[in-house]
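Visitor: Those sequence lines, one after another, are chains A and B.
FYI, the numbering for the first sequence is 95 to 496, going by the working numbering.
FYI, the numbering for the second sequence is 5 to 391, going by the working numbering.
Okay, here's the structure, questions in a sec.
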Amino acid sequence: MTGDRFSVAEEKQFRLEVRRFIEQALPDKLRQKVRAGMRPSPEEIKSWHKILDGHGRVAPAWPVEHGGTGWNPIQLHIFREEMLLAYAPAPLTMNINLVGPVIINYGSEDQKRRFLPGIRSLDLFFCQGFSEPNAGSDLASLQTTAALSGASYVVNGQKSWTTFAQHANWMFALVRTSSAGRKQDGITFLLIDMQSPGISVRPVRTIDHDHHVNEVFLDNVHVPVDNRIGEENKAWQYVKYLLTQERVGGARSGLPKARIRRAKELSQKISKNGLKLCDDPRFREKVTAIEVELKALEVTYMRFLGEMLRNPSTAPDPRSSILKLRGTELAQRTSELLFEMAGEYSLRLQDLPLDSSIDEIGAEDTWLATAARNFAFDRAQTIFAGTSEVQKGILAKQVLGL
Amino acid sequence: MFFEVTDEQRLIRNSVERLVEDHYSLQNRVAYGGEPDGWSRDVWQRFSQLGVLGLTVPTHHGGFGGGALDLAVVMEALGRAMVLEPFFATVALGVQALKVAGSEEQQAEWFPRVMAGSTTIAFAHSEPRIEESGSATRAATVEDGWRLSGKKVLVLNGAGADFAIVSAQAEGEKNRGASLFLVPLDAQGLSVDAYRLQDGTPAADIMFDGVVLPASSIIGRPGEADDVIEAVLHAGIAAMAAEAVGVMQQLLDSTVEYLRMRKQFGVPLASFQVLQHRCVDMLVALEESRSMALLAAHSVDHEPLSEQAKNVFAARIHVGRSLDFVGRNAIQLHGGIGMALEHTVGNLFLRSCVLRTLFGTTDEYLERLAKLGGLVQVEKPTNAISQ
Numbered sequence: 095m096t097g098d099r100f101s102v103a104e105e106k107q108f109r110l111e112v113r114r115f116i117e118q119a120l121p122d123k124l125r126q127k128v129r130a131g132m133r134p135s136p137e138e139i140k141s142w143h144k145i146l147d148g149h150g151r152v153a154p155a156w157p158v159e160h161g162g163t164g165w166n167p168i169q170l171h172i173f174r175e176e177m178l179l180a181y182a183p184a185p186l187t188m189n190i191n192l193v194g195p196v197i198i199n200y201g202s203e204d205q206k207r208r209f210l211p212g213i214r215s216l217d218l219f220f221c222q223g224f225s226e227p228n229a230g231s232d233l234a235s236l237q238t239t240a241a242l243s244g245a246s247y248v249v250n251g252q253k254s255w256t257t258f259a260q261h262a263n264w265m266f267a268l269v270r271t272s273s274a275g276r277k278q279d280g281i282t283f284l285l286i287d288m289q290s291p292g293i294s295v296r297p298v299r300t301i302d303h304d305h306h307v308n309e310v311f312l313d314n315v316h317v318p319v320d321n322r323i324g325e326e327n328k329a330w331q332y333v334k335y336l337l338t339q340e341r342v343g344g345a346r347s348g349l350p351k352a353r354i355r356r357a358k359e360l361s362q363k364i365s366k367n368g369l370k371l372c373d374d375p376r377f378r379e380k381v382t383a384i385e386v387e388l389k390a391l392e393v394t395y396m397r398f399l400g401e402m403l404r405n406p407s408t409a410p411d412p413r414s415s416i417l418k419l420r421g422t423e424l425a426q427r428t429s430e431l432l433f434e435m436a437g438e439y440s441l442r443l444q445d446l447p448l449d450s451s452i453d454e455i456g457a458e459d460t461w462l463a464t465a466a467r468n469f470a471f472d473r474a475q476t477i478f479a480g481t482s483e484v485q486k487g488i489l490a491k492q493v494l495g496l
Numbered sequence: 005m006f007f008e009v010t011d012e013q014r015l016i017r018n019s020v021e022r023l024v025e026d027h028y029s030l031q032n033r034v035a036y037g038g039e040p041d042g043w044s045r046d047v048w049q050r051f052s053q054l055g056v057l058g059l060t061v062p063t064h065h066g067g068f069g070g071g072a073l074d075l076a077v078v079m080e081a082l083g084r085a086m087v088l089e090p091f092f093a094t095v096a097l098g099v100q101a102l103k104v105a106g107s108e109e110q111q112a113e114w115f116p117r118v119m120a121g122s123t124t125i126a127f128a129h130s131e132p133r134i135e136e137s138g139s140a141t142r143a144a145t146v147e148d149g150w151r152l153s154g155k156k157v158l159v160l161n162g163a164g165a166d167f168a169i170v171s172a173q174a175e176g177e178k179n180r181g182a183s184l185f186l187v188p189l190d191a192q193g194l195s196v197d198a199y200r201l202q203d204g205t206p207a208a209d210i211m212f213d214g215v216v217l218p219a220s221s222i223i224g225r226p227g228e229a230d231d232v233i234e235a236v237l238h239a240g241i242a243a244m245a246a247e248a249v250g251v252m253q254q255l256l257d258s259t260v261e262y263l264r265m266r267k268q269f270g271v272p273l274a275s276f277q278v279l280q281h282r283c284v285d286m287l288v289a290l291e292e293s294r295s296m297a298l299l300a301a302h303s304v305d306h307e308p309l310s311e312q313a314k315n316v317f318a319a320r321i322h323v324g325r326s327l328d329f330v331g332r333n334a335i336q337l338h339g340g341i342g343m344a345l346e347h348t349v350g351n352l353f354l355r356s357c358v359l360r361t362l363f364g365t366t367d368e369y370l371e372r373l374a375k376l377g378g379l380v381q382v383e384k385p386t387n388a389i390s391q
């Protein structure tokens, strides 16, 4: 394999290696859980992080000197996809895809030393303090303030939709350090110890009847200046870097593909009116149509990736919003497929958190208990990390010049 | 036109809307859901006082004597608030079954109690998945009655009801249809597994392990309940369609209000044409659903059973699709708030998921309507006009 060229044979070989690796590394109970549509508990995510980190594979896209694998983008894509297809939980995105890369790109050497190993191992469990009740799509209008006082910032405000704040021991947050000038020019990136006095966390239950997100209240929270990443008032650039990384970051094809495979497996066991679902032409056509859309997404990703590798430039391709747009729609389409297959048998609400032990919920039929809940939760796909409407706005403006 | 709301219906609607406005905020709903049966006995008494429990009970039993169109008015008002109390199970299904097939004695016994608010009913018809159980619920003939065995699932109000109307295959009636039985829920050999649906609706699985029933428990004649069940299901679908209209109306109203109020980038979200048009799309779905719900109710009231299915199924399909569209877009337009259970819109979305999936998915009804030949008849060629 040389540079950006990666032959079909090499790709096949790499896929096989990845599959073998996951097979021996992934604990079976965890695999069963994810396959059943449930979620890993914080303890399970932690132990999975340690397993992956032990093999140097928890942050494959990071620079090699910080624990990355040095793989080319196609290998990264294959690895991500194979993980999803094998029902391996993804490493914590807040750690690996968000705060880690910001520290790597904009942090001091000292900060990299202090934080990166814990971010990989999940000894440092991060939540994201970005959105606020009045700063959703318009993130730059955030109002949580940080006033410099000696060697600390004093932080006051409120963050919303903070995933796993109830489990996290750290938060990376955007705070306002200046109100002069443009709102984007007064934002700073801080790492906040969740044990700090003045932090309180309020659970927000979502429509899947589970507890992932929270509101976090910050009341005169002291944050050492040493925990500021990069320069004061410059964090909007870091956010833009993150958002574009996020858009370009993946094909998002692995999740829909894993669900389609699961749906087809299940269709061999479900009958309606004496006909196996896999023999029902309407079902087959429905699934095939989704598969075609998925292929279109995958190939589009490869094409954009190829162009990016041939013409590396500092400006990220705005067409990558297409990947977020279509990837999230396909994620929804496939959780909807499982919900349709389960029909009314998914309507019963099992009063158990989705990260419970799999023995508590049941075995093979667990997918019935999770289908409706995952369908409901997936509504967030087209809302969080930039709504579909925002993505279309970006495409209209930056691609079509409208 | 027959779709005009009558003065009487307007009065009923206003009184139910007032009751719901005074007693059914989201906070109220959460509190009622915490009660032992999963719904409020207090609210049920208020329904009784309003007279709506007797809405479809024949006048000679002291009821209002109304039909599906009258029921639709109430169902829509209840739908807006996502009412948990077993009005649908008791009135749209239970009373309907007794009205269609119950004996004078059965009606005289149970209608007054329902209207007084002292009795609620469950209609136990849905069976477990084929993969889970081998056979349908069956009733073996015994001396002076029957013995019931089997399992029913997704029984609305299955835990809170005083009795259930249960469909079963009567033994010895292999070539004949189903039978319907009146089964008290404290009967020996009967066990209830109570739960909620995704939207908080109280429901249950009911297991019948050799439940002995007296001869008088049969509703109508053994083996002849297929038409009754079909009539009840049609009425149920029409009622659910009306309830769905209420849900969608509330989803749309909530969305429009949110867009007006919510500002980002210095402007109200309502100023974005894309979002305005999305609301219009929701409006179109709602208005057409309203029409189809009325069509279904009208069919149930005025058409013979054999003619009802097409309109009822068509209504179910259109309303199901609309619920899907309006529900998902209401969440999308509310942004993150749509995901939180503490806000109304997410609960309305869950209700919409239940309403379009319970008793069959939209696809299943589409298949059934297609098998019936659809809605547009192929005309026989007329004879050529002779010269």
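The C-beta atom is built at its ideal place from N, Cα and C for all residues, glycine as well.
Kindly list, in the order they appear in chain A, the residues whose Cβ is closer than 7 Å to that of B:R332.
Guide: Ordered by position in chain A, the residues that pass the 7 Å Cβ test against B:R332 are R473.
Visitor: May I ask you to list the residues that DSSP assigns as paired with A:K36?
Guide: Residue 36 of chain A lies beyond the residue range present for chain A, which begins at 95 and ends at 496; the question has no answer from this structure.
Visitor: Are the C-beta atoms of A:G480 and some chain B residue less than 8 Å apart?
Guide: No, its Cβ sits nowhere closer than 8 Å to a Cβ of chain B.
Visitor: Go through its chain and collect everything with a Cβ distance to B:R142's Cβ below 8 Å, but skip five positions before and after it.
Guide: The residues are L152, S153, G154, A172, Q173, A174, E175.
Visitor: The beta strand (DSSP E) with B:D213 in it runs from where to where?
Guide: 206-218 is the extent of the beta strand (DSSP E) around B:D213.
Visitor: When you compare only the Cα positions, how much space is there between B:Y369 and A:V307?
Guide: Their backbone Cα atoms lie some 37 Å apart in a straight line.
Visitor: Between A:G292, A:T163, A:R353, which lies nearest to A:S429 when the distance is taken from Cα to Cα?
Guide: Here the closest residue by C-alpha is A:R353.
Visitor: Kindly give me the distance between the Cβ atoms of A:R214 and A:D147, rounded to whole angstroms, as I take these residues to be in contact under 8 Å.
Guide: Going by Cβ atoms, the distance from A:R214 to A:D147 rounds to 5 Å, so yes, they are a contact pair.
Visitor: Hey, out of B:L184, B:D257, B:Y199, whose CA is closest to B:E234's CA?
Guide: Comparing Cα-Cα distances from B:E234 to each of B:L184, B:D257, B:Y199, the minimum goes to B:L184.
Visitor: Mind checking if A:G251 is an interface residue toward chain B, Cβ cutoff 8 Å exclusive?
Guide: With 8 Å as the cut-off, A:G251 does not count as an interface residue toward chain B.
Visitor: Exposed or buried, B:T10, counting other C-beta atoms within 10 Å across all chains shown (16 or more means buried)?
Guide: Counting Cβ neighbours within 10 Å, B:T10 comes out exposed, since fewer than 16 surround it.
Visitor: Looking only at DSSP bridge pairs, what is A:V310 linked to?
Guide: A:V310 is bridged to A:K253, A:V295.
Visitor: Excluding the five sequence neighbours on either side, which residues of its own chain have a C-beta within less than 8 Å of the C-beta of A:G280, listed in chain order?
Guide: Here the set comprises R270, T271, S272, S273, A274, N327.
Visitor: Which residues bound the beta strand (DSSP E) around A:I139?
Guide: Careful: A:I139 lies outside any beta strand (DSSP E), inside the alpha helix (DSSP H) at 136-148.
Visitor: So B:R33 contacts chain A; which residues on that side make the cut at Cβ distance below 8 Å?
Guide: The contacting residues do not exist; B:R33 stays about 15 Å from chain A at best.
Visitor: Spatial neighbours of B:I210 within its chain, please: CB distance less than 6 Å, with the 5 preceding and 5 following residues excluded, ordered by chain position.
Guide: Closer than 6 Å at Cβ, skipping near neighbours: A128, K156, V159, G162, V196.
Visitor: Can you tell me the Cβ-Cβ gap for B:N351 and B:M86, rounded? I've got them flagged as a contact below 8 Å.
Guide: Right, their Cβ atoms sit about 6 Å apart.
Visitor: Give the range of the alpha helix (DSSP H) segment to which A:L417 is assigned.
Guide: From DSSP, the alpha helix (DSSP H) with A:L417 extends over 415-436.
Visitor: Where A:D411 and A:G495 are concerned, what is the direct C-alpha to C-alpha distance, given to the nearest angstrom?
Guide: About 14 Å.
Visitor: For A:S451, decide whether its Cβ has a neighbour in chain B, counting only Cβ atoms nearer than 8 Å.
Guide: Chain B, which has no Cβ nearer than 8 Å to the Cβ of A:S451, makes this no.
Visitor: Using DSSP bridges, identify the partner residues of A:G223.
Guide: In the DSSP output, where bridge partners are listed per residue, A:G223 has A:A267.
Visitor: Could you please tell me which residues of the stretch 262-274 of chain B, in chain order, have their CB closer than 7 Å to any CB of chain A?
Guide: So the list reads Q268, F269, given in the order they occur along the chain.
Visitor: In terms of residues, what are the limits of the alpha helix (DSSP H) holding B:G154?
Guide: No alpha helix (DSSP H) contains B:G154, which is instead part of the beta strand (DSSP E) from 149-160.
Visitor: Report the rounded CA-to-CA distance for B:Q391 versus B:V382, giving the unit in angstroms.
Guide: Its pLDDT being 48, under 50, B:Q391 is placed unreliably by the model, and nothing is read from it.
Visitor: Quick one: list the residues of chain A neighbouring B:G350, beta-carbon separation under 9 Å, in chain order.
Guide: Under the 9 Å cutoff, chain A gives T300, I301, A470, R473.
Visitor: Tell me whether A:T300 sits in a helix, a strand or coil according to DSSP, three-state version.
Guide: Of the three classes helix, strand and coil, the one that applies to A:T300 here is strand, per DSSP.
Visitor: Which residues in chain B have a C-beta closer than 7 Å to the C-beta of A:L443? List them in chain order.
Guide: Simply Y199, R200, L201, Q202.
Visitor: Which residues, taken in chain order from the stretch 217-238 of chain B, show a beta carbon closer than 8 Å to some beta carbon of chain A?
Guide: Hits within the stretch: zero.
Visitor: Within 10 Å of its beta-carbon, does A:N367 have 16 or more other beta-carbons around it, so buried, or fewer, so exposed?
Guide: The residue is exposed, with fewer than 16 neighbouring Cβ atoms inside 10 Å.
Visitor: Is the stretch 261-280 of chain B touching the stretch 465-481 of chain A in the sense that three or more CB pairs, one from each, lie closer than 8 Å?
Guide: Contact between the stretch 465-481 of chain A and the stretch 261-280 of chain B is absent, because fewer than three Cβ pairs lie under 8 Å.
Visitor: Could you pull the start and end residues of the beta strand (DSSP E) that B:S2 belongs to?
Guide: Absent from the model: residue 2 of chain B. The displayed extent of chain B is 5 to 391, so no value can be given.
Visitor: Applying a beta-carbon distance threshold of less than 9 Å, which residues of chain A neighbour B:V77?
Guide: Per Cβ cutoff of 9 Å: no residues; B:V77 is ~26 Å from chain A at best.
Visitor: Which residues in chain B have a C-beta closer than 8 Å to the C-beta of A:S231? List them in chain order.
Guide: Those are Q268, F269, G339, listed as they occur along chain B.
Visitor: According to the Cβ coordinates, are A:D221 and A:T257 closer than 8 Å?
Guide: Residue 221 of chain A is actually Cys in this sequence, not Asp. In contact: A:C221 and A:T257 (Cβ atoms closer than 8 Å).
Visitor: Assign A:K491 to one of two classes, buried (16 or more other C-beta atoms within 10 Å of its C-beta) or exposed (fewer than that).
Guide: The residue is exposed, with fewer than 16 neighbouring Cβ atoms inside 10 Å.
Visitor: Helix, strand or coil for A:D287? Go by DSSP, reduced to three states.
Guide: Strand.
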